[in-house]
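What follows is one structure encoded as structure tokens, with my remarks underneath.
Chains as they are written, first to last, in our numbering: chain W, 2 to 258; chain C, 2 to 272.
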């Protein structure tokens, strides 16, 4: 079954690539705007042998990882504090609901004003976009604490800190990790967008350069790279989730007693 | 050992005022096994939570070994009905049992010793490395009991602990509680809605009225110390006691008010 699924998946991908090769060659679309798969592939190979490409990739990943790390730590810490301190949740709910839907992209002018076209501009966008994902999930997760589990902990004399560590945190963890997975995807989108629009160094800026210099196959090759990055990030996040939540219903499945 | 005086608990909220417990006074002596039984919804859980320091009573006091209870007291352990929610699914059995001990000032070696000993007492030594959700319901409740034992409490509060397990497992668990009580000499207060269980387990049965709750009767169970599921339950004395408690519960449900003075009889009236 699993082999069959993998085979079907590979066949589908091969068909898609073949289509990408055939359509421009048959003249159905203009080859200069939509180069066939083989030319994109060779441009991709050229990119891999170019040192500047790796520098750009490194810049993008730095912005992504740094921004994500800041957003995740801040989201978790603030989420737990807002939930644990009495009345703070009610007092902040409306503000959060107002700030959360602001598209990060709308902050690009502000980022440029503040930091110009530096890494810090990208960081601002990445952190703003991914912070809410983590914060909201943490808030939901903390609310999910089972009253019986909490009473058990209290009856055995566990103090506030011990209850946060042994009851609240494990309960919230599945939610937090979902938040981190969503945030990781959003962070990549914002890192590329920031580089593309602001011109901060990275894959986004390199895509813009390829476009301006009419290097269409290279542009596509870079787009493929960003797609692959997104894929790797998602697979990585899911692996972490499965490992960390082996005890959780969603991962452990049905247990035969 | 455990002294409940004039306990009263009123829940107030959203314009509603519910008097769950009106006025409860009773004591549990050191080393006693007392069963609390009452009609369903009579505030047994409220009472237990007030005693465990999880709820603040509206009036009255609970004293444990002479000290007033104002928060969860260190000498008290709780076994909840909902074992599946009371055990932490993210911890293995041994870690679940050990967690409360980490709040005490004990060496690692001593903690290990207590965990092993408690798990052996409930015949679950081999399940130490398993997760609670890999065990059956009865085994999970035994883990919860082991966790309470390892804590070395003076008083063990059990809140309808066997209400969610099947009848056969339940009988085994009842015998386990009797055995542990006799072996370890802990004071146990066992809350149940099952009349047979109350009579079979207890040295004394406290019958509660319907809500708002008062003590309706205190009854000494004069069955022999050695009890077993096969023989004890068919003795004429067992039948008399359970019938008596049953009548009391039925009367409590109908809201029949007994004489203002709470009867404290050692033997139920002859039939």
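Think of the CB as a built atom: it goes at the ideal place given N, C-alpha and C, for glycine as much as any other residue.
Considering Cα atoms alone, identify which of the options is closest to residue i.
i                      : options                   : result
residue 69 of chain W  : W:86, W:131, W:108        : W:131
residue 124 of chain W : W:65, W:25, W:235         : W:65
residue 137 of chain W : W:239, W:112, W:214, W:72 : W:72
residue 223 of chain C : C:204, C:151, C:234       : C:204
residue 179 of chain W : W:53, W:5, W:246          : W:246
residue 22 of chain C  : C:60, C:32, C:196         : C:60
residue 201 of chain C : C:185, C:221, C:209       : C:221
residue 168 of chain W : C:91, C:20, C:41          : C:91
residue 23 of chain W  : W:36, W:12, W:11          : W:36
residue 189 of chain C : C:29, C:96, C:84, C:124   : C:29
residue 148 of chain W : W:164, W:115, W:140       : W:164
residue 131 of chain C : C:96, C:154, C:156        : C:96
residue 180 of chain C : C:235, C:230, C:236       : C:230
List the DSSP bridge partners of residue i.
i                      : result
residue 54 of chain W  : Residue 54 of chain W pairs with nothing; no bridge assigned.
residue 25 of chain C  : C:8
residue 38 of chain C  : C:193, C:208
residue 229 of chain W : According to DSSP, residue 229 of chain W bridges with nothing at all.
residue 62 of chain C  : C:6
residue 69 of chain C  : C:64
residue 78 of chain C  : C:157
residue 20 of chain C  : C:11
Between the alpha carbons of residue i and residue j, how many angstroms are there, rounded?
i                      : j                      : result
residue 44 of chain W  : residue 81 of chain W  : 47 Å
residue 43 of chain C  : residue 212 of chain C : 5 Å
residue 218 of chain W : residue 177 of chain W : 39 Å
residue 138 of chain C : residue 102 of chain C : 24 Å
residue 252 of chain W : residue 241 of chain W : 12 Å
residue 278 of chain C : residue 151 of chain C : Outside the displayed range of chain C (2 to 272) lies residue 278 of chain C, so it cannot be described from this structure.
residue 12 of chain W  : residue 203 of chain W : 33 Å
residue 145 of chain C : residue 80 of chain C  : 6 Å
residue 128 of chain C : residue 84 of chain C  : 16 Å
residue 11 of chain C  : residue 58 of chain C  : 8 Å
residue 20 of chain W  : residue 151 of chain W : 57 Å
residue 171 of chain C : residue 127 of chain W : 56 Å
residue 234 of chain W : residue 134 of chain W : 16 Å
residue 222 of chain W : residue 207 of chain W : 11 Å
residue 92 of chain W  : residue 110 of chain W : 30 Å
residue 45 of chain C  : residue 158 of chain W : 22 Å
Residues in the same chain with beta-carbon distance under 7 Å from residue i, minus the five sequence neighbours each way, listed in chain order, please.
i                      : result
residue 1 of chain C   : Here chain C comprises residues numbered 2 to 272, so residue 1 of chain C is not present and cannot be evaluated.
residue 27 of chain C  : 5, 207, 216, 219
residue 72 of chain C  : 54
residue 82 of chain C  : 160, 161, 162, 164, 165
residue 106 of chain W : 194
residue 260 of chain C : Low confidence applies to residue 260 of chain C: its pLDDT is 47, below 50, so where it sits in the model is not reliable, and the reading given next is rough at best. Taken in chain order, the list of residues that qualify is empty.
Taking 7 Å as the CB-CB limit, is residue i close to chain C?
i                      : result
residue 152 of chain W : yes
residue 143 of chain W : no
residue 155 of chain W : yes
residue 181 of chain W : no
residue 47 of chain W  : no
residue 214 of chain W : no
residue 173 of chain W : no
residue 159 of chain W : yes
residue 51 of chain W  : no
residue 170 of chain W : no
Counting only beta-carbon separations shorter than 7 Å, does residue i have a partner in chain W?
i                      : result
residue 101 of chain C : yes
residue 249 of chain C : no
residue 237 of chain C : no
residue 86 of chain C  : yes
residue 182 of chain C : no
residue 83 of chain C  : yes
residue 25 of chain C  : no
residue 55 of chain C  : yes
residue 12 of chain C  : no
residue 266 of chain C : Unreliable positioning characterises residue 266 of chain C in this predicted model, as indicated by a pLDDT of 49, which lies under 50. A coordinate reading is not provided.
residue 201 of chain C : no
residue 154 of chain C : no
residue 8 of chain C   : no
residue 104 of chain C : yes
residue 162 of chain C : no
residue 21 of chain C  : no
residue 79 of chain C  : yes
residue 58 of chain C  : no
residue 260 of chain C : Confidence is the limiting factor: at residue 260 of chain C the pLDDT is only 47, short of 50, which leaves the residue's position unreliable, though a coordinate-based value still follows. So no, residue 260 of chain C is outside the interface.
By Cβ distance below 6 Å, which residues in the same chain neighbour residue i in space, the five residues on each side in sequence not counted?
i                      : result
residue 209 of chain W : 197
residue 264 of chain C : Legend: pLDDT at residue 264 of chain C = 48, less than 50; position of this residue unreliable, value from coordinates given subsequently. Cβ neighbours of residue 264 of chain C beyond the five flanking positions: 218.
residue 50 of chain C  : 56
residue 63 of chain C  : 5, 52, 70
residue 253 of chain C : 40, 210, 211, 217
Report the neighbours of residue i on chain D: residues whose CB is nearer than 8 Å to its CB, in chain order.
i                      : result
residue 230 of chain C : Given the protein chain composition of this structure (W and C), no chain D is represented.
Near residue i, what residues of its chain come up, given a Cβ to Cβ distance below 8 Å and the 5 sequence neighbours on each side ignored?
i                    : result
residue 7 of chain C : 24, 25, 26, 60, 61, 62
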